[in-house]
Each structure stands twice: as C-alpha cells, then as structure tokens.
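Step one of this worksheet: look at the structure below.
Residue numbers (this note's numbering), protein chains in the order written: chain A, 7 to 322; chain B, 16 to 233.
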C-alpha cells in the first residue's frame, strides 16, 4: 500500500534520511519506532511529500507521488489522512467546521458535507459536539476530531505523527483502541511513528526501528520476535544484556501456558534455574521470554525446545 | 468662544476627520492586506517562496515606513494630483493617508499571519489544500483576531496622521485645534478638541478589543 525506496533527505549537510526502504502492506498497522532525531518524522512527511525527498520514490496505493505535478499531488493527498501530535486543528472553526475542512477542499456540496460530518463525528464518539470550538475539548477529544477530519476523504492510508505523545496514558489507550478499531472495521492501512514501545506493542502488526536516518530492523512483529538477536525483542523484554555466559534465552510465542520448562526437566537429565523473564501481550498474541541456566545433559534438551517451536539463543 | 459657536465647528471637524479616516482605512485594508499576505507567502519557507520578490516588497514597505507622515504628504503631492485631480482638501488627504498607512498595516498583517501555527498550515497541505485555499481558509481566518487588533492600531494611527492633514487643507479635528486653539488662543476649544480626540481613540480601541476577543477561540 505504501512503498518507499531509497529515500534520502538532506537538510544542507545534515543527513535526515540515509537510504530508507519501507513497505507497508494493505490493511496493516505499521509502526516506525525511534528516538527523536532518528528521522522518523522526516520519513512520515516524505510519504505524503510534505517534505520532498532528495532522492528516492514514494508510491501510495499504486501511485508514484514523487512523479506527480502539484495539482494531482493535492488530489492524491486527499486520499491520505494524517493526524498530528499537537492535533493541528483550526481554532477559528468549530469541531464540525474542522471536520468539514477537507470536504470543502475537495469541493463536496454543503448538504453532503453536513451529512458526512455528522457521520464522522459519530464514528469517533463525538456526536453532538459539532458546535463546540476545539479550545473547549480535552486532548483526547481534540485528537478524535483530528481522526474524524483525517477520515473525511475516505482515505486508503492514515499517517499518524506521534498522535498519542501529547496524551496521558488512559487517553492514549482510548485513541489506540480507536485506531485499532478503524483498522479492523474499515480495513484502513495505518503508518504511525512513535518513540513509545508501548504503542508498537499495543497495536502494530509490523515495525521498523530507526536510528540515525536508517532503518535498523524491519518486518512483522511475529517474524522479528522469532529472529535471533533482534533488537525489537531485546527492547520489548527487559533482560540484562549481554546475557551471562552459559545462559540460554528462550522466546516462546503462542500459548504462554504450555509447560515446556517442566517437560524438559522431566524428560531430560537437566536442571533449570530461572534468571529472569516476562510475558508481554502484543497485538498478535502473547509472547514470553525467559532466561535460564541449564546444567546436565543440555544438548538434547535444547533440541527438544527447538522442536517445540521455541527460539533458543545460547550465550557463548 | 461660546458653546454655541464651538458646537458647529466641532461637529463639522469631526465629520471631516471621520471621512478622511473612514476612506483611508478602507483603501488601506484594500491594499495593505494583500501586501501583508504577500510578505508572508513569498517569504523563505512560505507557501510560495520567492525571495527576490519578497525583498523588493520588504524594501518598499520599509521606505514607506521610514518617511515621517508630514514629509510624505508633501512629497507625494504630484502623485495625489494625478490621482484625484487636486492636491488640497479632504479627498486629497485620503491619498497620503493611505500611502502612509498601507506599509504600516501590511507589517501588522504580516505579524498576525506569522502567528498562525505551522502545524495547522502543514495539516492543510497534507489534506491537499492549494495555496489559495490555505490563504483564504486557514491563514486569514486563523489570524482574524490579530488582524482586527492590527486594524484598530492602524485606525488610531490614521486619526493621528489626519491631524496633520490640516496643513494641506484637509480640515478635521487636528486642523481645528491648530487654527482656533493655537493660532487664535481659544484655550477652551483646544481642550475640548483634545478631550474629543481622546474619547474617540478610546472608543475605537475598546471596540477593536471587544471584536478581537469575541473572534478569538484560543
């Protein structure tokens, strides 16, 4: 749905993006995770060409945006929704007026606009607040207005620029739940950038980790979790790094209740002591990560664990 | 001088001031608003960066603002005559008043428009709004309270400028104060004129403040 290749962006001598490839599949929630200054915001702005990349191409819904002239680019942008960290609502307009803005830009007639605005406010849970000005709303409500506005053009793609970073934890939850719902119910493809691992864990199907203008790691969360040495796994599960010599780190996806460790102890001549571990709920299901130290006849035990589908990483 | 003698003089002078200020305000907005928008839109990092054009406009505005009004008024007499056919009288004063106020108002417009957050402008761009739509639907409405405040300051400045218009036969309250109050030693009339000017300026400023506040939803 979104395909960016070879994106480079220079500001003078500063390299903001240093050859970034991004592939977001239709219907997924894709998170770009990174510290501030990693280039993720520039990347997002390159997707709808608010920033024109110095090199590289961006294709959204089959259309090469980098090749479009101004007028057609504007038309393409009407099909790409965007929400912002600080909401970016027009203070001079009411809630309804804000949601109507993109429809006015698209030239939708007034009656149709009013009908659509009411419908959109209903979708985001703000029915009846149309006549208020944004200044009278809470942060979470403002972001809901932002989401309604972003949905006005029936976009194929929604871009989210740190949409929950200015919100408190409970409000963040409700906004993430709303995004997840829109993703499921409307099949909306969402590309979000965030510096919070929590957001990735909560809603994302895929993730790219960025640092210094490059993507360090990307893929579906399920795949990355099963990849030995993945950064995502290390960041999600707070185990001490590097792993102590002789220890084994086990990552298990699927049912965290399966008693693999006790099975190993019963079937093989080994002792297991647990050094640390936790279970995390990710968007795709629960994932556990356990660091243990095995003594005794370890080789067949580890083979057995691998055969049960666990990722086994041995520290040298 | 008795009240009965003063009243018609004051009344006529107030009417002349109102006429001069009214017309020149209208023309100032007509020319100054687009000029202020141009200063913002053509600036580096603006909606349509044209640094060369922007520099020329900025230079012209600065020239206009560096001339004292009384000098400007005399200096552009040929231009005034070309435009309205005469160089003295109330109609003729509107020309230098407008020329003097346009650069002033344009800078205030520029300042007000710069207050509009970049976020909001970028959001409009992300929604596919063209430049004209952004000026009409984002910049101007969002800056409206600031524009009203700027207009209020401009009107008050115009009242001040118009007092000098007496020197080219423009009439008005300033002219009255100088001719009767100063040159004929009519102290009472001088005091009444000053009080009247103070009251008018206060009223205009309060009106501007109220309107700006009602329009602001921050």
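The beta-carbon is built from N, C-alpha and C at its ideal position, and this holds for glycine as well. No experiment lies behind these values; they were computed from the predicted model shown.
Residue 29 of chain A is outside the set of residues whose beta carbon lies under 8 Å from a beta carbon in chain B. By the Cβ neighbour-count rule, residue 41 of chain A is exposed, with fewer than 16 other Cβ atoms within 10 Å of its own. Judged by DSSP in its simplified three-state form, residue 15 of chain A adopts strand. Across the set A/270, A/287, A/243, A/295, the C-alpha of A/270 shows the shortest separation from the C-alpha of residue 313 of chain A. For residue 111 of chain A, the neighbours in chain B by C-beta distance under 9 Å run, in chain order, 139, 142, 143, 144, 145, 148, 152. Residues of the same chain with a CB within less than 6 Å of the CB of residue 128 of chain B, apart from the 5 flanking positions on each side, are 55, 154, 158 in chain order. Positions of the alpha helix (DSSP H) runs, each at least 4 residues long and wholly inside the region 74 to 119 of chain A, are given as 76 to 83, 101 to 112 in order along the chain. Short of 8 Å from the beta carbon of residue 194 of chain B, and not among the five residues preceding or following it, lie these beta carbons of its own chain, in chain order: 181. For residue 201 of chain A, no alpha helix (DSSP H) segment is defined, and its DSSP state is neither H nor E. Counting along the chain, no beta strand (DSSP E) covers residue 70 of chain B; the unbroken alpha helix (DSSP H) around it starts and ends at 66 to 81.
The DSSP-derived three-state label of residue 25 of chain A is strand. Nearest neighbour of residue 189 of chain B by Cα position, chosen from B/117, B/25, B/87, B/147, turns out to be B/25. Only those residues of the region 40 to 74 of chain B whose C-beta falls short of 7 Å from the nearest C-beta of chain A would be listed, and there are none. It is roughly 37 Å from the alpha-carbon of residue 204 of chain B to the alpha-carbon of residue 229 of chain B.
The C-alpha of residue 214 of chain A lies about 21 Å from the C-alpha of residue 162 of chain A. For residue 313 of chain A, the enclosing alpha helix (DSSP H) stretches over residues 304 to 313. What residue 96 of chain A touches in chain B, judged by beta-carbon distance under 9 Å, is 135, 138, 139, 152, 153, 156, 157, going in chain order.
Here residue 153 of chain B carries a helix assignment [DSSP, helix/strand/coil].
Counting along the chain, residue 270 of chain A sits inside the alpha helix (DSSP H) bounded by residues 266 to 273. About 5 Å separates the beta carbons of residue 13 of chain A and residue 23 of chain A, which is inside the 8 Å limit, making them a contact pair.
Non-local beta-carbon contacts of residue 172 of chain A in its own chain, meaning distances under 7 Å to residues more than five positions away in sequence, involve 91, 92, 145 in chain order. Between residue 311 of chain A and residue 230 of chain A the beta-carbon gap is near 20 Å, outside 8 Å, which marks them as no contact.
Boundaries of the alpha helix (DSSP H) harbouring residue 43 of chain B: 18 to 56, taken from the DSSP string.
Distance between residue 235 of chain A and residue 296 of chain A, taken at the CA atoms: about 14 Å. If you keep only unbroken alpha helix (DSSP H) runs of at least 4 residues inside the region 31 to 65 of chain A, you get 46 to 53. Note on geometry: alpha-carbon atoms of residue 37 of chain A and residue 212 of chain A lie some 6 Å from one another. For the region 155 to 166 of chain A, the residues whose beta carbon sits under 9 Å from a beta carbon of chain B are, in order, 155, 156, 158, 159, 165.
Annotation: the continuous alpha helix (DSSP H) that includes residue 219 of chain B extends over 202 to 230. For residue 212 of chain A, the pairing in a beta bridge is given by DSSP as A/36, A/226.
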